[in-house]
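What follows is a set of notes on a single structure, which appears directly below.
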Amino acid sequence: MTVKHLKILHQHNNPNIHQTFEKDGHDVIQGLTATPKTLPPKYFYDDRGSDIFEQICELPEYYPTRTEAWILKQYADEIADITGSCELVELGSGSSTKTHYLLNAYQKVAKSLTESIPDAFSYIPIDVSGGILKTTVLALQEKYPNLTLEGLIGTYEEALLYLGKNHARSRMIFFLGSSIGNFNEAESNEFLNKVSHALTQGDYFLLGIDLQKPKDILEDAYNDSQEVTAAFNLNMLAHLNWRFQGDFDLSLFKHQAIYNEVDHQIEMYLHAQVEHQASLDILDLKVQFQSGESILTEISRKFDLEKVQSQLRSQGLATIKIWTDPQQWFGLVLCQVI
Ligand SMILES: C[S@@+](CC[C@H](N)C(=O)[O-])C[C@H]1O[C@@H](n2cnc3c(N)ncnc32)[C@H](O)[C@@H]1O
289 MTVKHLKILH
299 QHNNPNIHQT
309 FEKDGHDVIQ
319 GLTATPKTLP
329 PKYFYDDRGS
339 DIFEQICELP
349 EYYPTRTEAW
359 ILKQYADEIA
369 DITGSCELVE
379 LGSGSSTKTH
389 YLLNAYQKVA
399 KSLTESIPDA
409 FSYIPIDVSG
419 GILKTTVLAL
429 QEKYPNLTLE
439 GLIGTYEEAL
449 LYLGKNHARS
459 RMIFFLGSSI
469 GNFNEAESNE
479 FLNKVSHALT
489 QGDYFLLGID
499 LQKPKDILED
509 AYNDSQEVTA
519 AFNLNMLAHL
529 NWRFQGDFDL
539 SLFKHQAIYN
549 EVDHQIEMYL
559 HAQVEHQASL
569 DILDLKVQFQ
579 SGESILTEIS
589 RKFDLEKVQS
599 QLRSQGLATI
609 KIWTDPQQWF
619 GLVLCQVI
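Using the working numbering, read the sequence shown as starting at 289 and increasing by one per residue.
In structure tokens form, the structure reads like this:
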């Protein structure tokens, strides 16, 4: 079966998008020349990274995926009833596994409308990881033959720029998996501002967030006993080697995730075990590591529902309803543009 509905955004001839693509790798140079060293989490996701993330979702310690899936399973119909039929846009869709609950609900809502609105049931999954998006789009084409589908390979920023606003019909952008937690406060404001700009008044934004909880539960989730998260973290260096012709030796680094209780965030590190140098030829970059020096590869902020609502409101996104699980470990916030 061929993929009919996939677009690579950085090949699109939008001058703004081209500019974003040209900057590819600048964030790596910036992060690895900073003190302390950091890397952007989007570099976790090459084909192998996406594959390992799917394994993480199945780990007994990794509660976020199954908890958010439980909420979606319980409340997808209610969400679709509130918003009515709308164009569904998912940022960082990955395998879209949890999205099936929403798609099933919106398919029902669209059923009565398909004669008056031909694309009443439509979905735009967006992901920087092209391999998993292609596989996902193929599977969706087969499972939902009546779905108007267009997968976009690119970053959140590229996709939001490319999509612009949809004045013709209402839209719901959704962002699951608490991926918003990978942004610090300033970055998340910038991100929400871009989301807001891709919506018109009355449109919706659905956000999945991991809530604050005891340190041991959080640290176990990111330091699993099978060391799958360690492999995921180390794979970022393999990805950089492939993308930028590098020579990072993965065996010289060790994974660690700690919960910073002051900033309410998991911090994921790669610690250099010995003093050494690594190069990324395409970026013309040589990086010196001291023994014990760390690269911060991800923050995963844990949220307070009151604070999130006021942050959303400051970007013109008013909360309509919040759903959680019985333990209040995870939250799903539906907002509307005011
Ligand atoms: C933590 S996974 C979540 C996947 C899925 N939404 C879920 O909830 O299970 C993050 C997803 O976002 C994608 N991603 C990460 N950074 C991205 C970026 N800057 N732009 C677009 N996609 C990104 C990854 O490839 C990955 O599929």
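Where is the CB? At the ideal position from N, CA and C, for every residue including glycine.
This one's a predicted model, so the numbers in the text were calculated from it and none came from an experiment.
- Short note on ILE420: C-beta closer than 7 Å to some heavy atom of ligand 1.
- Here GLN597 carries a helix assignment [DSSP, helix/strand/coil].
- In the structure shown, PHE536 adopts coil according to DSSP, grouped into three states.
- Between ligand 1 and PHE591, a heavy atom-to-CB distance of less than 7 Å is absent.
- About 6 Å separates the Cβ atoms of ILE554 and LEU506, confirming a contact at the 8 Å cut-off.
- Taking the Cα of ASP504 as reference, the smallest distance to any Cα among THR321, ARG336, TYR350 and ASP339 is reached at TYR350.
- With distances taken between CA atoms, VAL316 lies nearest to ILE570 out of GLY604, ILE570 and PHE493.
- Within 10 angstroms of the beta-carbon of LYS386 lie 16 or more other beta-carbons, which makes it buried.
- If you check the C-beta of LYS330 against ligand 1, you find a heavy atom less than 7 Å away.
- PHE493 and ALA368 have their C-alpha atoms roughly 12 Å apart.
- Under a 10 Å Cβ-count criterion, ASN521 is classified as buried, with 16 or more other Cβ atoms of the shown protein chains found around its own Cβ.
- The DSSP-derived three-state label of TRP611 is strand.
- Closer than 7 Å to some heavy atom of ligand 1: that does not describe the Cβ of TYR450.
- Remark: the shortest separation between the CB of THR443 and any heavy atom of ligand 1 falls under 7 Å.
- By the Cβ rule, the segment 509–525 does not count as touching the segment 598–617, because fewer than three pairs are nearer than 8 Å.
- The beta-carbon separation of LEU435 and PHE409, rounded to 5 Å, stays under the 8 Å limit for a contact.
- Residue state for GLU378 is assigned as strand, using DSSP reduced to three classes.
- If you draw a straight line from the Cα of GLU478 to the Cα of ARG459, it is about 20 Å long.
- Scanning its chain for C-beta atoms nearer than 6 Å, with the 5 sequence neighbours on each side dropped, one finds around LEU600 the residues CYS623, in chain order.
- Taken through DSSP and simplified to helix, strand or coil, ILE412 comes out as strand.
- In the assembly as shown, ALA545 is a buried residue. Its beta-carbon has 16 or more other beta-carbons within 10 Å.
- A Cβ-Cβ separation of about 18 Å leaves PRO413 out of contact with SER373 under the 8 Å criterion.
- CA-CA distance, GLU342 to SER383, rounds to 8 Å.
- In this structure, ligand 1 has no non-hydrogen atom nearer than 7 Å to the beta-carbon of CYS623.
- ASP512 counts as buried, since at least 16 other C-beta atoms from the protein chains shown sit within 10 angstroms of its C-beta.
- When beta bridges are read from the DSSP output, GLU586 appears opposite MET556.
- Bounds of any alpha helix (DSSP H) do not take in HIS543; it lies within the beta strand (DSSP E) bounded by 541–548.
- Look at the segment 433–514 and you find these whole runs of alpha helix (DSSP H), each 4 residues long or longer: 444–451, 473–485 and 503–510.
- Taking C-alpha positions only, VAL575 is separated from ILE583 by approximately 11 Å.
- Three or more Cβ pairs closer than 8 Å define a contact, and the segment 482–497 meets that threshold against the segment 462–469.
- Non-local beta-carbon contacts of SER338 in its own chain, meaning distances under 7 Å to residues more than five positions away in sequence, involve GLY382, SER417, GLY419 and ILE420 in chain order.
- Residue pairing for GLY604: DSSP places it in no beta bridge.
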